[in-house]
Amino acid sequence: MVITEVKQKVKITAELANQYSKLGKQEKAARLFDKAVIETELLTDKKEQENMYAHLANEFASVDDFDKAIEYLEKITDQEVYVKTTWKLVNKSAKAGKMTLAEKLLAKAVEIANNIEDPYVKVELLTGSGASFRHIEYSRGVGLVNEAYELIATLDDSYNQAILYNEVGANLIDVKEKEKALESFNRAFSLTNNISSPIQIAQVLAMLGGELAEKGEREKAYEYLLKGVDVAATIEENEEKWAVLSEISRNFGQSFKYENGIETADIIKRPFYKVEGYIRVAKNMIKNKLHDEALQLLDKSKLITQEMVDPYEKAVVLRKIISELISLKKNEDALQLLSEVEALYN
Numbered sequence: 001m002v003i004t005e006v007k008q009k010v011k012i013t014a015e016l017a018n019q020y021s022k023l024g025k026q027e028k029a030a031r032l033f034d035k036a037v038i039e040t041e042l043l044t045d046k047k048e049q050e051n052m053y054a055h056l057a058n059e060f061a062s063v064d065d066f067d068k069a070i071e072y073l074e075k076i077t078d079q080e081v082y083v084k085t086t087w088k089l090v091n092k093s094a095k096a097g098k099m100t101l102a103e104k105l106l107a108k109a110v111e112i113a114n115n116i117e118d119p120y121v122k123v124e125l126l127t128g129s130g131a132s133f134r135h136i137e138y139s140r141g142v143g144l145v146n147e148a149y150e151l152i153a154t155l156d157d158s159y160n161q162a163i164l165y166n167e168v169g170a171n172l173i174d175v176k177e178k179e180k181a182l183e184s185f186n187r188a189f190s191l192t193n194n195i196s197s198p199i200q201i202a203q204v205l206a207m208l209g210g211e212l213a214e215k216g217e218r219e220k221a222y223e224y225l226l227k228g229v230d231v232a233a234t235i236e237e238n239e240e241k242w243a244v245l246s247e248i249s250r251n252f253g254q255s256f257k258y259e260n261g262i263e264t265a266d267i268i269k270r271p272f273y274k275v276e277g278y279i280r281v282a283k284n285m286i287k288n289k290l291h292d293e294a295l296q297l298l299d300k301s302k303l304i305t306q307e308m309v310d311p312y313e314k315a316v317v318l319r320k321i322i323s324e325l326i327s328l329k330k331n332e333d334a335l336q337l338l339s340e341v342e343a344l345y346n
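Residue numbering for the sequence shown follows the UniProt record's numbering, starting at 1 and increasing by one per position.
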């Protein structure tokens, strides 16, 4: 079986182009980017096409082609997609030392966020834009993140509030407001008492664990992730259960609790979600120089991909394995796997 959906082919093709570029195969990368662009223009569903424009903008920025990145950003008319893509370009342009571009992009994102009427989307766009100021001057983002924090109370749904308090908590840390960030995380956790759905409770706990781990609060993250495993154990076996366990597994990895991450992934019966957990654990092992252990886990993941039926899911996880092989400077292994992924859509 091969990938036939155009949007899936575009996404994988652009990501492979990025990886070939990182491996010094610039001509190959250019051909694949051209192919992704041509196929994106063939999409007839506007929403799908704009999502692919966003993806192309991010991938072009990843290889420092900011002219192309901006070209595709400006094709996006959906304001939420535009702003969220802008954050990625701000991050990459600031890292590349293009501060004037980063400032210009962020100014437009803030303008759009201020004019959004939907309260949920407004909170997301304000807090994310505020956090993006960390790449320029973090103090300029404090007001935006605080405004988002205050707006959350106007929402009715406890699950949505919990998700947003978690996001805002992470962004408060980005703008150096740690005490208020911890208060925001605590609010998110407290709201789980008002949520009746076990899957939603597990999702909130997984997200809390992920954000806290990413921001260096690993012991608190570990506590929430353990609770998440307990809640997930009460859920019947279905797609949502495997997805949330995969997120918990990945975030155990982010917390440097590798054994917990592997044990949680072991529970998962869907190969795609299982492998996603293993790969994130391996990624964090690499961060801590545990290269042999990471390679063993990546090899195990490659074996499991042979059980996968959906060619797109297989391509997604193989591409993530390739990223970690590049991190480990296993370039020949990475190139071999890239060929395997290409065969899934040619």
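The beta-carbon is built from N, C-alpha and C at its ideal position, and this holds for glycine as well.
The C-alpha of Asp-34 is placed about 20 Å away from the C-alpha of Asp-45. Taken through DSSP and simplified to helix, strand or coil, Ser-197 comes out as coil. Out of Gln-79, Ile-136, Lys-176, the CA that lies nearest to the CA of Asp-118 is found in Gln-79. Scanning the stretch 35 to 80 for uninterrupted alpha helix (DSSP H) segments of 4 residues or longer gives 46 to 62, 66 to 73, listed from N- to C-terminal end.
Separation of Gly-210 and Val-244 (C-alpha to C-alpha, rounded to the nearest whole angstrom) is 12 Å. In this chain, Asn-288 is not harboured by any alpha helix (DSSP H), its DSSP state being neither H nor E. Residue range 119 to 132 is occupied by the alpha helix (DSSP H) that includes Thr-127. By the neighbour-count definition (other C-beta atoms within 10 Å, threshold 16), Met-1 is an exposed residue. The alpha helix (DSSP H) runs of length 4 or more contained entirely in the stretch 196 to 240 are, from start to end of the chain, 198 to 214, 218 to 232. Linking Tyr-72 to Thr-40 through their CA atoms gives a straight-line distance of about 11 Å. As the crow flies, the alpha-carbon of Val-83 is around 14 Å from that of Phe-133. Considering only Thr-305, Ser-190, Trp-242, the residue with the shortest C-alpha distance to Ala-265 is Trp-242. Between the alpha carbons of Ser-197 and Lys-314 lies a gap of roughly 31 Å. With distances taken between CA atoms, Lys-215 lies nearest to Ala-181 out of Val-110, Ala-181, Thr-85. For Lys-220, the closest alpha carbon among the candidates Ala-36, Ser-255, Gly-143 is that of Ser-255.
Leu-212 has its alpha-carbon roughly 36 Å from the corresponding atom of Glu-332. Its Cα nearest to that of Ser-327, the residue Leu-290 stands out among Leu-290, Asn-194, Thr-305.
Here the C-alpha atom of Gly-143 lies approximately 44 Å from the C-alpha atom of Glu-293. With fewer than 16 other Cβ atoms inside 10 Å of its own Cβ, Val-309 counts as exposed.
Your pair Ala-131 and Val-145 checks out as a contact, with CB atoms roughly 6 Å apart and the cut at 8 Å.
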